[in-house]
Amino acid sequence: MKLLFSVLLFIISTCFASSQTTTVCNAGCDFTSIQTAVDSSKSGDRIFIKKGLYKESNIIIYKKSLHISGEEGTIIDTQNNGYGFSVEATDIIIKNLIIKNIEVSYTKEYAAILLFKSYDFEIENVTVENAFFGFLIQKSKDGIVHNNTISGEGKAEADSGNAIHLWHCENIKITNNDVRRMRDGIYLEFGSNSYISDNYSTENMRYGLHFMFSNENTYENNIFEANGAGVAVMFSKKIKMYNNIFKKNWGTASYGILLKEINDAELKHNIFEDNTIGINADGTNRITYTENTFKNNGYAIKVHGACYDNIYSKNNFLYNSFDLSYSGNLNSNKFENNYWSNYTGYDLDKNGIGDIPYRPVKLFSYLVNRTPESIVLLRSLFIDIIDFSEKVSPVFTPENLIDNKPLMTEVTW
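As numbered in mature numbering (1 follows the signal peptide of the UniProt record, and there is no 0), residues -17 to -1, 1 to 396 make up the sequence shown, in order.
Put into structure tokens, the structure is as follows:
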């Protein structure tokens, strides 16, 4: 037993002795160049960068497991020359740095940090200023992107990249990041089993969050505010979106969230407020919308073609210009136990459910879809009359699209 303990102690001490910490500073340290420190290190080493300005770019880490951290006030200025870090390695940590002035290119995706085929990585407390792409992560898995700030200064989508861009990645946690003034705040393509939470994405030119062909991902507690077109969720399945806020996404083609070709997903406890369209749904099937709030939107929900077997239950529809716009007469979707601020029915038996069913699709919303110019008649007496006549005898709106059990009070959770 003593021999075994001695052998284990020797192995552990040898492992610790084999790794070392290298210090980088502008003068009087082991190295003055970050790249030279990387080249001189071996897997398992730590590199500590003291505060100061370092004019370096295209720092390459290849097949080395390194932990790189900076002192408060450590700034890496790439001087608009390519990447900040370019990494292909396992067990990588990059944290506590400011990286700025990433080169804009129309042919290459330059980023503050590029990770390619990297596993078990962590990017934390990194601030990227004047970014083209912030973090470009490709064919990587089992990583954490936490507590970073990324901002850009692009004037158009063509000269601006994405803050956090994942491509063919798996099992990535993106948490507590602040991303703004980019093309897309967070972008996923062919990403799976990832968790995105507590991020603030605002003032991005296109989408606060954009993902395609990305299955079995969870998004919760994020705020997507004042982006060009809110959030786009496309060609994916088994998505969970909980406790997110979508607000102030205004524009002629803007929405809180676009759902296109989405199957078997759940949206719960989300808030859609002050958007041109809260949810724009096209080709969505077997989606459950539960306990969400739609407030002060132009359209709360706009349903296009090929949307089947969706359930809308216990949602609040508050003071929207139109609660629901629906294309076509066919309806296999279920609306039940929702609260509608425009509901004028009564509850004689005092069970909390209206005694008269509610028709959420108004004739005027149908007319606006056919003739957008008619929106100028909104809130006129004429519109109230035609909406009433359609409610009495539906001709243009789906006859079987009814909430048979409208709630008399708002849903709380």
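Using N, Cα and C, we set each Cβ at its ideal position, and we do this for glycine too.
When the options are compared against residue i, the one with the closest alpha-carbon
i: K138; options: T57, T395, R166, Q3; result: R166
i: I106; options: A114, N84, I85, L80; result: L80
i: K34; options: S16, T57, G65; result: T57
i: L171; options: T132, E393, K124; result: K124
i: N84; options: T90, I76, F229, I96; result: I96
i: F99; options: T110, V109, S88, K122; result: K122
i: V70; options: D22, R269, M195, A10; result: D22
i: N383; options: Y322, F318, I336, V394; result: F318
i: T4; options: N263, S310, G53, Y66; result: G53
i: T61; options: A72, R29, S16; result: S16
i: Q182; options: R164, N205, A114; result: Residue identity differs from the one stated: residue 182 is Asn in this sequence, not Gln. The candidate whose alpha carbon is nearest that of N182 is N205.
i: S315; options: K156, C290, I260; result: C290
i: I179; options: E274, Y202, F104, M195; result: Y202
i: S88; options: I75, I77, Y66, V109; result: Y66
i: I155; options: N198, S237, I127, Y102; result: I127
i: E249; options: F118, I82, N279, T273; result: T273
i: I228; options: G191, K243, S197; result: G191
i: N320; options: V344, K333, N298, D161; result: N298
i: K278; options: D306, H287, R269, T110; result: D306
i: T132; options: I42, I44, I82, R342; result: I82
i: C152; options: T235, I43, S197; result: S197
i: N246; options: F118, I270, A215; result: I270
i: D169; options: I42, E186, F194, N159; result: First, the residue type needs correcting, since residue 169 is Ile and not Asp in the sequence shown. The shortest C-alpha separation from I169 is found at F194.
i: G211; options: S184, F31, Y225; result: S184
i: I51; options: N159, W150, I76, R163; result: I76
With 16 other Cβ atoms within 10 Å as the buried cut-off, status of residue i
i: K46; result: exposed
i: K25; result: exposed
i: E55; result: exposed
i: I339; result: exposed
i: L331; result: exposed
i: L36; result: exposed
i: E39; result: buried
i: V359; result: Interpretation of V359 is limited by its pLDDT of 47, a score under 50 that renders its predicted location unreliable; the figure taken from the coordinates is listed afterwards. V359 is exposed by the Cβ-count criterion.
i: E208; result: buried
i: K396; result: According to the sequence as given, residue 396 is Trp; it is not Lys. By the neighbour-count rule (16 or more Cβ atoms within 10 Å), W396 is not buried but exposed.
i: A264; result: buried
i: K285; result: buried
i: E393; result: exposed
i: N387; result: exposed
i: F365; result: Interpretation of F365 is limited by its pLDDT of 47, a score under 50 that renders its predicted location unreliable; the figure taken from the coordinates is listed afterwards. F365 comes out exposed.
i: A114; result: buried
i: K91; result: exposed
i: residue 397; result: Not covered by the structure: residue 397. The range shown for the chain is -17 to 396.
i: L(-10); result: With a pLDDT of 46 at L(-10), under the threshold of 50, the modelled position of that residue is not reliable, and the figure given next carries that caveat. Exposed is the call here.
i: G288; result: exposed
i: G335; result: exposed
i: E356; result: Residue confidence for E356 is low, a pLDDT of 47 falling below 50, so the modelled location carries little weight; the figure read from the coordinates is stated next. So E356 ends up on the exposed side.
i: T235; result: exposed
i: K230; result: buried
i: G337; result: buried
i: A141; result: exposed
i: G117; result: buried
Collapsed DSSP secondary structure at residue i in the structure displayed
i: I157; result: strand
i: A212; result: coil
i: T19; result: helix
i: A146; result: coil
i: E140; result: helix
i: K124; result: strand
i: N41; result: coil
i: I385; result: coil
i: I222; result: coil
i: E393; result: coil
i: D265; result: strand
i: K231; result: coil
i: H129; result: strand
i: N113; result: strand
i: Y238; result: coil
i: S2; result: coil
i: T259; result: coil
i: C12; result: coil
i: N108; result: strand
i: E356; result: Low per-residue confidence applies at E356: pLDDT is 47, beneath 50, and the placement is therefore not dependable, though the value from the model is reported in the following sentence. Reduced to three states, the DSSP call for E356 is helix.
i: L(-9); result: Because the pLDDT of L(-9) is 47, which lies under 50, any placement of that residue in the model is unreliable, and the number read from its coordinates should be weighed accordingly. Three-state result, L(-9): helix.
i: N205; result: coil
i: N253; result: coil
Handout entry: Complete runs of the beta strand (DSSP E) confined to the stretch 159 to 199 [at least 3 residues]
Key = Runs of the beta strand (DSSP E) inside the stretch 159 to 199: 161 to 163, 167 to 172, 178 to 180, 183 to 185, 190 to 195.
Handout entry: Inside the stretch 267 to 345 only - alpha helix (DSSP H) runs reaching at least 4 residues
Key = For the stretch 267 to 345, not a single whole alpha helix (DSSP H) run of length 4 or above is found.
Practice task
Evaluate the contact criterion for the stretch 297 to 310 versus the stretch 327 to 335: three or more CB pairs, one atom per stretch, below 8 Å.
Solution key: no
Practice task
Only counting runs of 4 or more residues, tell me where the alpha helix (DSSP H) segments fall wholly within the stretch 22 to 103, in order along the chain.
Solution key: none
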